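Before any comments, here is the structure.
In this note's numbering, the protein residues as written are -6 to 498.
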């Protein structure tokens, strides 16, 4: 594609390409049906053996999720089942909707080249793509953040329009029910609108804005008292995992912590990592913020920077971490990508004019390579860890191929590793905590027993060994093997799985 100065058609051709690339990558990850991994499984297990009112109760395994997320997915599971495609379909829809809405927002608030770069960064941002095809509420965090920014901007442009008022009211009401960290974006948008109304000194604009402020306060208080407080036990467990996202007490330590967190995974757009792995994006964000300041775009600068300030304050109070992971900071992704897009164009504009457009094409080509490379990588490695794949294959392919219609687990359900527990639990023919003596009695079909982590549960292992010694001569041991290298949560926790299949002679 050629870039022509003052030719919006080139801009929109590039925009169409980047949107197709971003959507294609997201759809590809979803369509591969990658095996569920630990964090997804621990949330999904909360839907089993619960009715709709149970979905709104505090969750097990240290999990938290907003109520509308739980109701939507619980209903979907009851209607369509528990396949990976069904569980992740809402995240796919949320992720694609967020990308498209962000494109509209960016083109409304900044000039075309900056908007194009911002959309391109979000389109191929690894973490936003990944969480747009995972069974977690992070894609919903991104969508609500973009929705709040867009609705706030449209309301400011026309505070008396019916659609602008109803749109902002709708997103303010839905945000706390769908996304916990959306409160930071809501605070930025509402305070920005209030300051703008005070500066313009328009009475009816101010009255409408004050009404929005009151509504937002009511919804935030409702979120805290009705949703967050009942889940306090899970929140305390999460705080132990979030320690790195909370600042130290002294001033110098705080500054170093803030810079390190901001240059880490928080700003991994499109790529980045810990230990200053995202410092380039941080620099571009700073350049973009300075550019908006110089062009006096006060309202826009306020609503995209205030979520950072609110998040830092929450981290200082040990309420919500700042910068520890990109997945729990998807509400900041629109601000990061927009500022980075402005920063790229600002940095290129300092070059000789005849080189600006060519270098911008190089940037877009580089972002395209990231997207295409990501698609190739996920096709070559369609799983988060090989252990996740092994767990699913054992339960859904290896044992059924041996004509095992009933899977009998010697362990009690709470001692089974979570990935295995999920794939076993969604199989209605699975039995947990079985007596190996009774299970190994002669039957017309193969008997499959599973024992997990024998070293951690020696009594259960001994009972199984004793039962195996009493197998009658008319039975044949088809399969008795040990499988290891099950990886959970990104940390190596090998679980020994002994699968035993016995069939009648």
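Each residue gets a CB set at the ideal place from its N, CA and C atoms; glycine is no exception.
It should be emphasised that the depicted structure is a prediction, and the values quoted were computed from it without experimental measurement.
Which residue marks the beginning of the beta strand (DSSP E) containing residue 402, and which one marks its end?
400 to 402
Cross-strand partners of residue 425 (DSSP beta bridge)
Looking at the DSSP assignment, residue 425 forms a beta bridge with 402.
What's the call for residue 459, buried or exposed, on a 16-neighbour Cβ count within 10 Å?
With fewer than 16 other Cβ atoms inside 10 Å of its own Cβ, residue 459 counts as exposed.
What I want to know is whether the C-beta of residue 125 ends up closer than 7 Å to one or more non-hydrogen atoms of the ligand FAD.
In terms of ligand content, the structure shown is empty, and the ligand FAD therefore cannot be addressed.
Cβ-Cβ distance between residue 425 and residue 440 below 8 Å
No, the pair does not count as a contact, with Cβ atoms beyond the cut-off.
Buried or exposed, going by whether 16 or more other CB atoms sit within 10 Å of the CB of residue 304?
buried
Is residue 313 closer than 8 Å to residue 319 when the C-beta atoms are compared?
no
Just to confirm, are residue 87 and residue 132 a CB contact at a threshold of 8 Å?
yes
Between the CA atoms of residue 50 and residue 473 - distance to the nearest angstrom
Its pLDDT being 49, under 50, residue 473 is placed unreliably in this model, and the value from its coordinates should be taken loosely. Each residue's Cα considered, the two are about 41 Å apart.
Can you name, in chain order, every residue of its own chain whose Cβ lies under 7 Å from the Cβ of residue 102, other than the five neighbours on each side?
Excluding sequence neighbours, residue 102 sits near 146, 293.
Going along the chain, which unbroken runs of the alpha helix (DSSP H) with 4 or more residues stay wholly within the segment -6 to 49?
1 to 24, 31 to 37, 45 to 48
Counting pairs of Cβ atoms below 8 Å between the segment 335 to 343 and the segment 143 to 160, do you hit three or more?
no
Any C-beta of chain C sitting closer than 8 Å to the C-beta of residue 142?
The displayed structure is made up of one protein chain only, and chain C is not part of it.
From which residue to which residue does the alpha helix (DSSP H) around residue 58 run?
Element bounds for residue 58: n/a, residue is neither H nor E.
For the candidate residues 223, 431, 418, 202, whose alpha-carbon lies nearest to that of residue 56?
223
Put residue 148 into one of helix, strand or coil per three-state DSSP.
In the structure shown, residue 148 falls within a helical segment according to DSSP collapsed to helix, strand and coil.
8 Å Cβ cutoff met for residue 206 and residue 183:
yes
Buried versus exposed, by CB contacts within 10 Å (16 or more), residue 125:
Buried is the call here.
Three or more C-beta pairs closer than 8 Å, one from the segment 385 to 392 and one from the segment 360 to 370: is that the case here?
no
Just the C-alpha distance for residue 35 and residue 121, rounded to the nearest angstrom, thanks.
21 Å
Using the beta-carbon count (16 or more within 10 Å), is residue 210 buried or exposed?
exposed
With a threshold of 16 other CB atoms inside 10 Å of the CB of residue 351, please say whether the residue is buried or exposed.
exposed
Cα-Cα separation between residue 467 and residue 404, rounded to whole angstroms:
Confidence in residue 467 is poor, its pLDDT being 43 and thus under 50, which makes the residue's placement too unreliable to answer from.
Whole-angstrom C-beta distance between residue 112 and residue 91, which should lie under 8 Å
Actually they are not in contact, since the Cβ atoms of residue 91 and residue 112 sit about 11 Å apart, beyond 8 Å.
So for residue 292, helix, strand or coil by DSSP?
helix
Report the start-end ranges of each alpha helix (DSSP H) in the segment 77 to 138 that is 4 residues or longer and not cut off at the edges.
With a minimum length of 4 residues, the continuous alpha helix (DSSP H) runs that stay inside the segment 77 to 138 are 77 to 102, 105 to 116, 119 to 124.
For residue 445, the three-state DSSP class (helix, strand or coil):
strand
Report yes or no: do the segment 268 to 281 and the segment 185 to 203 share at least 3 C-beta pairs separated by less than 8 Å?
no
Can you tell me where the alpha helix (DSSP H) holding residue 194 begins and where it ends?
Element bounds for residue 194: n/a, residue is neither H nor E.
Can you give me the Cβ contacts of residue 285 inside the same chain, cut-off strictly under 7 Å, excluding the 5 residues immediately before and after it?
293, 294, 335
Keeping to the same chain, check which residues put their C-beta closer than 6 Å to that of residue 77; ignore five residues upstream and five downstream.
26
State buried or exposed for residue 46, treating a residue as buried only when at least 16 other CB atoms are found within 10 Å of its CB.
exposed
Excluding sequence positions up to five away, which residues of its chain have a Cβ less than 8 Å from the Cβ of residue 297?
142, 181, 327, 328, 331, 332
Tell me which same chain residues have a C-beta within less than 8 Å of the C-beta of residue 267, skipping the five on either side of it?
Here the set comprises 257, 258.
Can you tell which of 419, 461, 215, 269 has its C-alpha closest to the C-alpha of residue 74?
419
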